[in-house]
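>
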Amino acid sequence: AYAEFWPKDPPTRVAVQVGALAGNSSVEIQCTAMLPGFEREVVTVPGLPALKGFPLSFAVRGDGMIYASGSQGIDFKTMKLVPGGAGPETKRTMENLKNILEAAGTSLENAVVCELSLRDMAADFKAANEAYQAFFSKGNFPARIAVQVAALAGGAAVEVRCTAAESASGRKVVKVPQLPETNFPLSSAIVAKDTVYASGMLGVDMKAGTLVPGGIANETRQALENLQDVLEAAGAEMKDVTICEVSLRDMKDFKGLNAIYASFWPEDPPARVAVQVGALALGASVEIKCTAVLGSSSQAIVV
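Using this note's numbering, the first residue of the sequence shown is number 1, and each one after it goes up by one.
1. Can you tell me whether DSSP reads Met94 as helix, strand or coil?
2. If we require 3 or more residues per run, which beta strand (DSSP E) segments fall completely within the segment 143-177?
3. Using 10 angstroms around the beta-carbon of Ile29, count the other beta-carbons present and answer buried if the total reaches 16, otherwise exposed.
4. For a quick check, are the C-beta atoms of Ala208 and Ile260 less than 8 Å apart?
5. Go through its chain and collect everything with a Cβ distance to Ser386's Cβ below 6 Å, but skip five positions before and after it.
6. Which residue from Ala279, Pro7, Gly295 and Leu224 puts its Cα closest to that of Val150?
7. Identify whether Glu228 lies in helix, strand or coil by the three-state DSSP scheme.
8. Once the 5 residues before and after Pro213 are set aside, which same chain residues still bring their CB inside 6 Å of it?
9. Can you tell me whether Met121 is buried or exposed? The criterion is at least 16 other CB atoms within 10 Å of its CB, across all chains shown.
10. Please go through the segment 228-274 and give each complete alpha helix (DSSP H) segment of 4 or more residues, from N-terminal end onward.
11. Could you pull out every residue in the same chain whose Cβ sits closer than 7 Å to the Cβ of Lys170, ignoring the five residues on either side in sequence?
12. Identify every run of the beta strand (DSSP E) within the segment 113-146, keeping only runs that are complete inside it and at least 3 residues long; order them along the chain.
13. Buried or exposed, going by whether 16 or more other CB atoms sit within 10 Å of the CB of Pro46?
14. In angstroms with no decimal places, state the Cα-to-Cα distance between Ala127 and Leu101.
15. If you draw a straight line from the alpha carbon of Gly62 to that of Arg40, how long is it in whole angstroms?
16. So, are the CB atoms of Asp240 and Leu202 less than 8 Å apart?
17. Under the assumption that Leu231 contacts Ala292 (Cβ atoms under 8 Å), give the Cβ distance between them as a whole number of angstroms.
18. Does DSSP put Gln30 in a helix, a strand or coil?
19. Rank Pro180, Gln72, Pro55 and Ala15 by C-alpha distance to the C-alpha of Phe5 and give the top, closest one.
20. Which value, in whole angstroms, describes the spacing of the CA atoms of Val303 and Thr106?
21. Is Glu41 helix, strand or coil when you go by DSSP?
22. Would you call the CB atoms of Glu287 and Ile145 closer than 8 Å?
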């Protein structure tokens with residue numbers, strides 16, 4: 001059914017099995033599109049086989065940004081996952097993404113945000129992180145979210161989707177005074193093309209370094225307050241947020257999440273997708289990743 005809507009030059013895509021969807025739906029689809037008048041170009045990647053039977057493009061270029069599809073640890077010579085589990089799979093995944101971005105004329109160093117989907121957070125998070133961080137210069141990591149999903153296509157252990165700027169010009173790493181440096185290979189946010197790409201936020205008290213107690217309501221409030229600090233450091237405000245991706249450990253918390261979430265956007269809330277995932281870092285109940293347009297503030301703290 002999906003392919004019928006794009007008989008030619010389909011968009012990039014990531015498809016994962018999650019634990020649950022709101023309303024007990026079978027499928028949920030989130031899309032980003034360009035306004036008429038902007039050039040949209042499908043990226044051809046030399047050396048990679050045609051995606052027969054898969055309605056997606058390896059990457060699409062639009063308005064100075066490269067949007068890459070979710071990649072897995074596939075050896076394209078054999079068309080099979082590399083052996084060895086999450087570590088080798090993540091390494092090959094990033095090599096595949098590197099080739100795709102280079103074919104588009106950019107590089108992983110210009111990545112603004114990456115999304116990691118893991119089949120087993122407890123078993124594979126460390127190995128995936130070690131392989132992932134080797135592809136970036138220290139201090140130049142893209143924003144990121146990492147979640148455990150119920151299943152990935154082909155039985156893969158990991159899938160990574162990235163968005164990158166075409167060039168380093170105008171791409172800035174955001175430093176947030178209120179947030180301490182983290183050992184995780186990610187930046188709190190990246191600014192590129194007048195857009196703020198914030199990492200997924202947990203309900204962590206940054207002074208204590210631990211999740212706030214009290215469950216979904218308190219974690220949601222703290223996560224959004226952390227996000228507010230990140231946006232302010234980047235020169236944006238909550239009203240500038242265009243879309244949020246909400247990952248819940250249990251869809252039963254959906255109502256409690258909404259009660260707090262709505263208070264941060266009393267009018268004109270951003271677009272949103274909310275799903276139940278298998279697990280989140282630190283055993284969190286919720287993680288929220290947002291994208292925003294730059295506001296009128298000129299007080300951005302960037303390097």
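By construction, the Cβ of each residue, glycine as well, lies at the ideal position given by its N, Cα and C atoms. In this text, all values refer to a predicted model and were calculated from it rather than measured experimentally.
Reading it off the structure:
1. Assignment of Met94 by DSSP, reduced to helix, strand and coil, places it in the helix class.
2. 143-148, 158-165 and 172-174
3. exposed
4. The answer is no: Cβ separation not under 8 Å.
5. Nothing about residue 386 can be reported from this structure: the residues present for the chain run from 1 to 303 only.
6. The sequence given here has Ala at residue 150, not Val. Among Ala279, Pro7, Gly295 and Leu224, the Cα nearest to that of Ala150 belongs to Ala279.
7. Note on residue identity: the sequence assigns Gln, not Glu, to residue 228. Three-state result, Gln228: helix.
8. none
9. buried
10. 254-261
11. Per the sequence shown, residue 170 should be read as Gly rather than Lys. So the qualifying residues of the chain are Ala192 and Lys193.
12. none
13. exposed
14. 23 Å
15. 5 Å
16. no
17. 6 Å
18. Three-state DSSP puts Gln30 in coil, outside helix and strand.
19. It is Pro55.
20. Residue placement at Val303 is poorly supported in this model, since its pLDDT is 48, which falls under 50; the coordinates are not used for a value here.
21. strand
22. yes
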